[in-house]
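Trainee: One structure follows; several queries about it will come next.
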Amino acid sequence: MKKLFNLLLVAFLAVSFVACDDDDSPGVTTGEQFTVEQSNGMTVISGSTEENFTLRANTKYLLKGFVYVKEGATLTIEPGTVIMGYIDANGVNSKGTLVIERGAKIMAEGTASKPIVFTSAKPAGSRAAGDWGGLIILGKAPVNLGSGAMIEGGVDREYGGSEATDNSGVLKYVRIEFPGIAFQPDNEINGLTMGGVGSGTTIDYVQVSYCGDDSFEWFGGTVNAKHLIAFRNVDDMFDTDNGYSGKLQYLLGISGSASDVSGSNGFESDNNSQGTTATPITAPTYSNVTLFGPLQTNPAAQVNSNFKRGLHLRRNNRTKLHNSIVMGWPVGLLLDGTATETNATNGEFKIQNTVIAGSPTGKALTVVDGSSFDVAGWFTATSRGNAVVADATTLNIAGAYTATPTFTKAVTTVQPSFTGLDSFFDQVDFVGAFGATNWTSGWANFDPQNTAY
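So my numbering is basically just the index in the sequence shown, starting at one, shifted up by 295.
See below:
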């Protein structure tokens with residue numbers, strides 16, 4: 296019996312050594328910990344933790360099911376770490392998903408040369424959208440659903456609160472590849488889901504590729520971000536709801552061939568699902584965005600009918616879009632609904648110094664059937680500095696559609712303006728996401744299907 300007790304004690308200490316301490320030294324634990332197992336030379340993590348935990352760059356990790364970092368705990372991820380979604384020997388997807396709960400933190404600060412990668416566990420050549428769940432960060436910043444708001448995707452965790460400057464940590468130089476899986480229809484896990492995330496959080500240089508749902512979705516919150524890439528996702532590129540009011544600069548979206556039955560858009564924005572006047576009103580502010588749609592530079596190209604709009608802005612949102620390019624979409628802008636039209640008339644909804652290019656004739660600027668709102672007159676008013684360009688090739692930026700994308704400064708008569716934008720926004724001399732510098736270099740990956748991990 297004594298021998299058995301000693302063996303059990305050794306086993307317990309070994310698990311504690313791996314799971315609980317940032318300095319990798321054994322210690323007394325006081326809360327719930329991840330379950331940590333080994334499988335084919337990889338470390339499998341499941342369950343939840345109330346203890347701080349570090350993922351090391353010299354170890355490959357598998358997320359098994361919903362993995363929760365609970366309030367008060369910090370998950371630290373070293374630069375260069377690779378994390379995958381667990382798939383069992385029979386090919387059953389565990390929907391591996393990392394959830395940073397409200398009051399917890401993620402410290403995932405990679406570097407340009409050593410980005411942190413979340414990806415598929417399948418071998419190169421056989422990966423696909425939806426091979427695992429995704430990354431969900433929840434915070435205490437305001438949302439317009441009141442108390443008890445629950446994040447979608449079957450995660451069953453609350454988000455939101457009254458702390459606009461709440462800090463959920465750092466996400467920098469991070470790639471999220473082949474995520475996005477449906478828990479049930481209209482209740483999916485996105486590539487990066489942010490629920491009530493506050494402005495104390497840092498999000499910069501994040502790429503979501505081949506996502507089975509939206510690449511990025513903000514449910515309320517105030518978090519700001521720069522240098523975001525949505526690459527060949529199935530549903531929307533950038534989706535804002537439930538009172539999100541953050542600031543975003545340098546956003547890139549590139550369509551692939553796959554689309555979603557719900558309609559695949561560049562931007563989709565709602566105040567909430569009912570379009571009510573609940574506050575805070577969804578009011579993101581963007582500058583220097585480029586959304587490359589599926590038509591590429593040919594407005595007559597035949598593409599899947601589920602591809603819809605570069606900008607679908609609806610349900611009483613107050614989006615403010617500056618210095619941007621929306622190129623190659625079956626519909627450039629759909630200004631949807633009386634409430635959003637009223638916001639536009641009142642100057643609470645804005646599109647300024649922006650180009651819509653390469654949409655079919657009559658489809659660059661649209662409203663819903665039955666509306667009498669003069670969207671063309673509103674968009675092209677001289678004071679707004681916008682333009683509609685029929686021939687997208689004149690922008691000289693179609694290199695984004697190549698197998699190895701290239702990014703250059705657009706050739707356009709539209710000039711940038713930063714009037715009304717605060718110091719968060721870099722005042723640059725170009726519209727769209729790129730000037731002379733390609734900020735994707737070194738850390739982004741446009742061929743994750745064939746990358747060996």
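Glycine included, each C-beta is placed from N, C-alpha and C at the ideal position.
1) Might you give, ordered along the chain, the residues of its own chain that have their beta carbon closer than 6 Å to the beta carbon of residue 542, omitting 5 neighbours on each side?
2) Considering residue 347, what are the terminal residues of the alpha helix (DSSP H) in which it resides?
3) Measuring CA to CA, which of 455, 437 and 436 is closest to residue 445?
4) Report all residues from its chain with a CB closer than 8 Å to the CB of residue 304; omit the five preceding and five following residues, and keep chain order.
5) Around the C-beta of residue 701, are 16 or more other C-beta atoms found within 10 angstroms, so that it is buried, or is it exposed?
6) From this set, 339, 396 and 373, which residue's C-alpha is nearest residue 389's C-alpha?
7) At which residues does the beta strand (DSSP E) containing residue 682 begin and terminate?
8) Which runs of the beta strand (DSSP E) fall wholly inside the region 616-640 and span at least 3 residues, in chain order?
9) For the beta strand (DSSP E) that contains residue 673, what are its first and last residues?
10) Roughly how far, in whole angstroms, is the beta-carbon of residue 650 from the beta-carbon of residue 660, given that I think they are within contact range, below 8 Å?
11) I believe residue 738 touches residue 500 by the beta-carbon criterion, under 8 Å. Please report the beta-carbon distance rounded to the nearest angstrom.
12) Would you give the residue range spanned by the beta strand (DSSP E) that residue 592 belongs to?
13) With burial defined as no fewer than 16 other Cβ atoms inside 10 Å of the residue's Cβ, what is the status of residue 392: buried or exposed?
14) What span of residues does the beta strand (DSSP E) with residue 404 cover, start to end?
15) Specify whether the region 599-610 and the region 717-737 touch according to this definition: at least 3 beta carbon pairs, one from each stretch, less than 8 Å apart.
16) Hey, how far is the Cα of residue 647 from the Cα of residue 680?
17) Secondary structure at residue 687, three-state DSSP: helix, strand or coil?
18) Using 8 Å for Cβ pairs, my map puts residue 473 next to residue 422. What's the rounded Cβ distance?
19) Can you pull the DSSP bridge partners for residue 388?
Mentor: Reading from the atomic positions:
1) 519, 580 and 719
2) It is not in any alpha helix (DSSP H) - residue 347 carries neither H nor E in the DSSP assignment.
3) 455
4) Note on residue 304: pLDDT 38, under 50, position unreliable in the model; the coordinate value appears next. Nothing meets the Cβ criterion.
5) exposed
6) 339
7) 682-684 is the extent of the beta strand (DSSP E) around residue 682.
8) 620-622 and 626-631
9) Residue 673 -> not in any beta strand (DSSP E); alpha helix (DSSP H) instead, spanning 670-674.
10) At roughly 12 Å, the Cβ-Cβ gap does not stay under 8 Å, so residue 650 and residue 660 are not in contact.
11) Contact flag correct, Cβ pair sits at about 6 Å.
12) Unbroken run through residue 592: none, as it is neither H nor E.
13) Buried, since its Cβ has 16 or more Cβ neighbours within 10 Å.
14) 400-404
15) Segments in contact, no.
16) 6 Å
17) helix
18) 5 Å
19) 382, per the DSSP bridge assignment.
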